[in-house]
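**Q**
Numbering (the working numbering), first residue to last: -7 to 188.
#1: Can you list, in chain order, the residues of its chain with a C-beta nearer than 6 Å to that of residue 68? Leave out the 5 residues immediately preceding and following it.
#2: Could you check where the alpha helix (DSSP H) with residue 62 kicks off and where it finishes?
#3: Between residue 64 and the rest of its own chain, which residues show a CB-CB distance below 8 Å, the 5 nearest in sequence each way excluded?
#4: Which of the three DSSP states is assigned to residue 186 in this structure?
#5: Kindly indicate the opening and closing residues of the alpha helix (DSSP H) around residue 129.
#6: Starting from the C-beta of residue 177, find all residues in its chain whose C-beta is less than 6 Å away, skip the five residues before and the five after it, and write them out in chain order.
#7: Bridge partners for residue 106 per DSSP, in chain order?
#8: Below 7 Å between beta carbons: does that hold for residue 148 and residue 109?
#9: Taking the C-alpha atoms as reference points, what is the distance between residue 114 and residue 47?
#10: Quick one: what does DSSP say residue 111 is sitting in, helix, strand or coil?
#11: When you compare only the Cα positions, how much space is there between residue 132 and residue 74?
#12: Leaving out the 5 sequence neighbours to the left and right, which residues in its chain are closer than 7 Å to residue 129 when beta-carbon positions are compared?
#13: With distance defined between alpha-carbon atoms, name the residue in 118, 45 and 153 nearest to residue 112.
#14: Return yes when the Cβ of residue 88 is within less than 7 Å of the Cβ of residue 136, no when it is not.
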């Protein structure tokens, strides 16, 4: 009889602990404990109708992402840069838009990281993960051409965002690796006003 009572208490404790764990995860989602990627060190230079935009993405690599990259999973960041002009009685007008990708893939036989930088059509090879991460998270002097829609004398600003593309795993492995989404990232829109 004492053994049955102990088993009942043990089961009740397991349910209680499981319930508390569920509530904690529900109240404090995992994203609250994750670092938040952000756009930093934005530099905009303009001359002759061409804007050159440079920036860094900080805190965009987690340990899980690094493990996935080192296991050979192709990883792609998508960058969005939009140029807007303010309007007083309507939503701001989008004057220009640019989207491009940075992709990294590790080749274990050669022990190198192939990085593709779409904005300048280059494919540098990195010998270390740290070097590949720097290439992936930095945009240097991306040229944005101002359009004929740009009206002089009106406040203008860039909106910049970066995100990790969904990982495409071969066959039906995505059902086995449903936690891959835990290493997704997406920055908030960074607003960078242009000088008048």
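Heads up, the beta-carbon is just placed ideally off N, CA and C, and yes, glycines get one too. Only a predicted model underlies this, so the values are computations on that prediction, with no experimental measurement involved.
**A** According to the structure shown:
#1: Numbered from its first residue, the chain shown carries residue 68 at position 76. For residue 68, where only same-chain residues beyond five positions count, the Cβ hits under 6 Å are 93, 95 and 157.
#2: Working through the chain shown from its first residue, we reach residue 62 at position 70. Counting along the chain, the alpha helix (DSSP H) containing residue 62 begins and ends at 55 to 62.
#3: Working through the chain shown from its first residue, we reach residue 64 at position 72. So the qualifying residues of the chain are 97, 98, 99 and 100.
#4: Taking the first residue of the chain shown as position 1, residue 186 is located at position 194. The answer is coil: DSSP assigns residue 186 none of H, G, I, E or B.
#5: Residue 129 sits at position 137 when you count from the first residue of the chain shown. Residue 129 -> alpha helix (DSSP H) spans 121 to 129.
#6: Walking along the chain shown from the start, residue 177 turns up at place 185. Excluding positions up to five away in sequence, the list reads 29, 52 and 156.
#7: Start at 1 with the first residue of the chain shown, and residue 106 comes out as number 114. The partner list for residue 106 (beta bridge, DSSP) reads 97 and 117.
#8: In the chain shown, counting from the first residue as 1, residue 148 sits at position 156. In the chain shown, counting from the first residue as 1, residue 109 sits at position 117. No, Cβ-Cβ distance for residue 148 and residue 109 is not below 7 Å.
#9: To locate residue 114, count along the chain shown from 1; it is residue 122. To locate residue 47, count along the chain shown from 1; it is residue 55. For residue 114 and residue 47, the distance between alpha carbons rounds to 18 Å.
#10: By one-based count along the chain shown, residue 111 stands at place 119. Three-state DSSP puts residue 111 in a helix.
#11: Taking the first residue of the chain shown as position 1, residue 132 is located at position 140. Taking the first residue of the chain shown as position 1, residue 74 is located at position 82. If I take the Cα positions, the gap works out to 16 Å.
#12: Along the chain shown, one-based indexing puts residue 129 at 137. Closer than 7 Å at the Cβ level, and outside the excluded window around residue 129, lie 48, 49 and 52.
#13: Working through the chain shown from its first residue, we reach residue 112 at position 120. Considering only alpha carbons, the answer is 45.
#14: Residue numbering aside, residue 136 sits at position 144 when the chain shown is read from its first letter. Residue numbering aside, residue 88 sits at position 96 when the chain shown is read from its first letter. Yes, they are a contact pair.
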